[in-house]
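Participant: My structure is below; once you've seen it, I'll send some questions.
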Amino acid sequence: MKLREILSPFHLLLLQQVQSFTPSSSLSKTFFRGGGSNNSSAQSNRTHEQHQKSSSILKATTMSMSTSESIRSDILALIGKSSADGGASPSSAVKDEMTALLNQYKASSEDVSDDDVLFQIGQTVYGYVLPVVKENKKKSSAVKIIDFDYMKAFMKDVFLSYGVPEDRAETCSEVLIEADRRGIDSHGLGRLKPIYCDRMDNGILFPDKPIDVLKETDTTALVDGNLGLGLYIGPHCMQMAIDKAKKHGVGFVAVKNSTHYGIAGYYATMASDAGCVGFTGTNARPSIAPTFGVEPMLGTNPLCFGIPSDEEFPFVIDCATSINQRGKIEKYAREGVDTPKGCVIDEDGIERTDTDGILKDMVLGKCALCPIGGAGVEMGGYKGYGWATVIETLCIAFQSGPWGEAVCGVDRATGKPVPMPLGHFFLAIDIEALCPLDTFKKNTGELLRALRNSKKAPTGPGRIWTAGEMEHDARCQRMGQGGMPVPEPLQKNMVALRETRPGLKDKYPVLPFEQES
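Quick note on numbering: the sequence shown equals residues -20 to -1, 1 to 497 in mature numbering (1 follows the signal peptide of the UniProt record, and there is no 0).
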């Protein structure tokens, strides 16, 4: 069937406009941005109603952003090529190409309307079907900005209510609030109740356990955390490593029987602030499937370095060895959005994006996270898998510690929570043992500035970041706005803690988001 037998008079007119289309064609740009002649209505014998509809469609097209405009140009070029090719019906290959372009166009901006004229032509000529987008839950409109000092004090009081000693409660609340200062919302206040409070309630995490040194040399130590708070064990052991490095050039501390220790970047920054290179890692409940596997075997196992520079912030790379980690998926759940494609696979190796279902099935071991690089080898998934294995090894081999099912946190037979005895390691290298600290910082800073000043991608944001810079930007932005955003789900957690923990109701009778504006 010919194109001209398929199209309405209005769409025929559009094809006339793109017959001579090129991406720089002022005629086609003017027409598709709503600046065409009103005589087109008479030429196509449209009704007044059709004219109004087409005007609104063309107006919607003008709202596209620069990325949308680039994709739209490619779509118009393909339409022009098809219509110039004798008017024949498009081939399957052309239809596939058009479908891919229209899907990109649809995803490029929230301002792209389903009524856009390009989708009309795509549906009429190329058999395009608009994707059915799962409607996400509305994000809470009740986000409240709360002062960091207030939030830290609240979290400290929560820890104190569990019998955590004063100094440890101070440290634990500082580690958590630092995550929120850096914009790492997956590891701050959002973790207070589900990861620490609920586990203390369940008796699988203990508020006041001793830290035992099992073996020690001038440069090394093996420590048992006795299932105490990892938020305190972590800073304590990194400080041990730093102290050893300052005396002997290097310090390494391996830890067993610890628990979740928050953001790894906190510890690497402790080292960089002390004039050391810091390196830390932790294992976690089994979440990552090996390359070509589907069973969760390895933890998300962050790899983290902190390196001093002569800039306002150190170079700190703190990232899970999976594409995403559980804390980020929990954040998606709070926001009511789907998990991005390519992050999670099910028992058959099929991608999953249903956030709430993923969180439930992760506990049951019915889905797995993909390592950095993805499930296969095409994008280097074996590299993420390899690094996850390195961290797992350093967290269990020195310590003879458990891993895999032994740290899943759930009794598979009963479904009841059980302890998760995690391993960590902390390494500090004193820079002055090798070269002057200022020289090291200058050399590092020059490298970082060269990277940021290198040629930018024309389609990118016009800026290059180095590790730790985005967190520094987030800190500055949040300090400027007066604190951290606390969405409604976390407000509910705060209310629940206030109502159930001793002394909190008297100290916090009215929380900031409960005050009348």
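Cβ atoms here follow ideal geometry from the backbone N, Cα and C, with glycine treated the same way.
1) Provide the residue(s) that pair with I409 in DSSP beta bridges, ordered along the chain.
2) Mind listing, in chain order, the continuous beta strand (DSSP E) runs of no fewer than 3 residues lying wholly within the region 432 to 489?
3) Measuring alpha carbon to alpha carbon, tell me which residue in A313, A269, D298 is nearest E331.
4) Give the list of continuous alpha helix (DSSP H) stretches no shorter than 4 residues that lie fully inside the region 154 to 217.
5) Using three-state DSSP, classify F293 as helix, strand or coil.
6) With distances taken Cα to Cα, identify the nearest neighbour of T301 among A264, L428, A159.
7) Mind checking who S238 pairs with in its DSSP beta bridge?
8) Ignoring anything shorter than 3 residues or poking outside the region 269 to 313, list the beta strand (DSSP E) runs there in chain order.
9) When the Cα atoms are used, what is the spatial distance from I222 to A254?
10) How long is the line joining the alpha carbons of P276 and A355, rounded to whole angstroms?
11) Does the beta-carbon distance from D160 to L169 come in below 8 Å?
12) Can you give me the Cβ contacts of Q461 inside the same chain, cut-off strictly under 7 Å, excluding the 5 residues immediately before and after it?
13) Report yes if the CB atom of P282 is closer than 8 Å to the CB atom of A234, and no otherwise.
14) Less than 8 Å between the CB atoms is what I'm expecting for I411 and P288, so what's the real figure, rounded?
15) Between the region 139 to 149 and the region 180 to 200, do at least 3 Cβ pairs fall closer than 8 Å?
16) Over what stretch of residues does the beta strand (DSSP E) that includes V138 continue unbroken?
17) Compute the Euclidean distance between the alpha carbons of A437 and R148, then round it to the nearest angstrom.
18) Pull up the distance between the alpha-carbon of L207 and that of V398, whole angstroms please.
19) What separation, rounded to the nearest whole angstrom, lies between the Cα atoms of S153 and Y241?
20) Under DSSP, the beta strand (DSSP E) around A348 begins and ends at which residues?
21) If R455 and T446 are in contact, beta carbons under 8 Å, what's the gap, nearest whole angstrom?
22) Hey, how far is the Cα of A22 from the Cα of S69?
23) What's the C-alpha gap between L140 and P489?
24) From the DSSP output, in three-state form, read off K224 for me.
25) Touch check for the region 305 to 322 and the region 473 to 489: three-plus C-beta pairs under 8 Å?
26) Rounding to the nearest angstrom, what Cα-Cα distance links Y106 and D453 in this structure?
27) Thinking C-alpha only, which one of C350, T199, Y247 is nearest F232?
28) Reducing DSSP to helix, strand and coil, say where D318 ends up.
29) Using a threshold of 8 Å, state whether the C-beta atoms of L339 and A368 are closer than that.
30) Hey, is E310's beta-carbon within less than 8 Å of any beta-carbon in chain C?
31) How is the beta strand (DSSP E) around D326 delimited, first residue to last?
32) Going by other Cβ atoms of all chains shown within 10 Å of its Cβ, with 16 needed for buried, is S34 buried or exposed?
33) Here's the rule I'm using: 16 or more other beta-carbon atoms within 10 Å means buried, otherwise exposed. How should K487 be labelled?
34) Kindly indicate which residue of V296, L278, E292, T280 has the alpha-carbon position closest to the one of G286.
35) Nearest to T260 by alpha carbon, out of C375, R306, C284?
36) Ordered along the chain, which non-local residues of its own chain (more than five positions away) have a Cβ less than 7 Å from that of V343?
Facilitator: Let's see:
1) V230, V257
2) 464 to 466
3) A269
4) 178 to 181
5) coil
6) Nearest option by C-alpha distance: A264.
7) Answer is L402.
8) List check, beta strand (DSSP E) in window: 283 to 287, 295 to 299.
9) 7 Å
10) 12 Å
11) yes
12) I125
13) no
14) Confirmed, Cβ separation roughly 7 Å.
15) yes
16) In the DSSP assignment, V138 falls outside any beta strand (DSSP E) and within the unbroken alpha helix (DSSP H) covering 128 to 141.
17) 47 Å
18) 11 Å
19) 12 Å
20) Taken as a continuous stretch (DSSP letters only), the beta strand (DSSP E) holding A348 covers 347 to 349.
21) About 15 Å; that fails the 8 Å criterion.
22) Because A22 carries a pLDDT of 39, less than 50, the predicted location of this residue cannot be relied on, and no value is offered for it.
23) 18 Å
24) Looking at K224 - three-state DSSP - the assignment turns out to be helix.
25) no
26) 45 Å
27) T199
28) D318 falls in the coil class under three-state DSSP.
29) Taking C-beta atoms as the reference points, L339 and A368 fail to come closer than 8 Å.
30) Protein chains in the displayed structure number just one, and chain C is not present.
31) 324 to 326
32) With a pLDDT of only 40 at S34, under the threshold of 50, the placement of this residue in the model should not be trusted; the figure read from the coordinates follows. By the 10 Å Cβ count, S34 comes out buried.
33) exposed
34) Here the closest residue by C-alpha is V296.
35) C284
36) Annotation for V343: V390 place their beta carbon closer than 7 Å to its own, counting only its chain and skipping 5 residues before and after.
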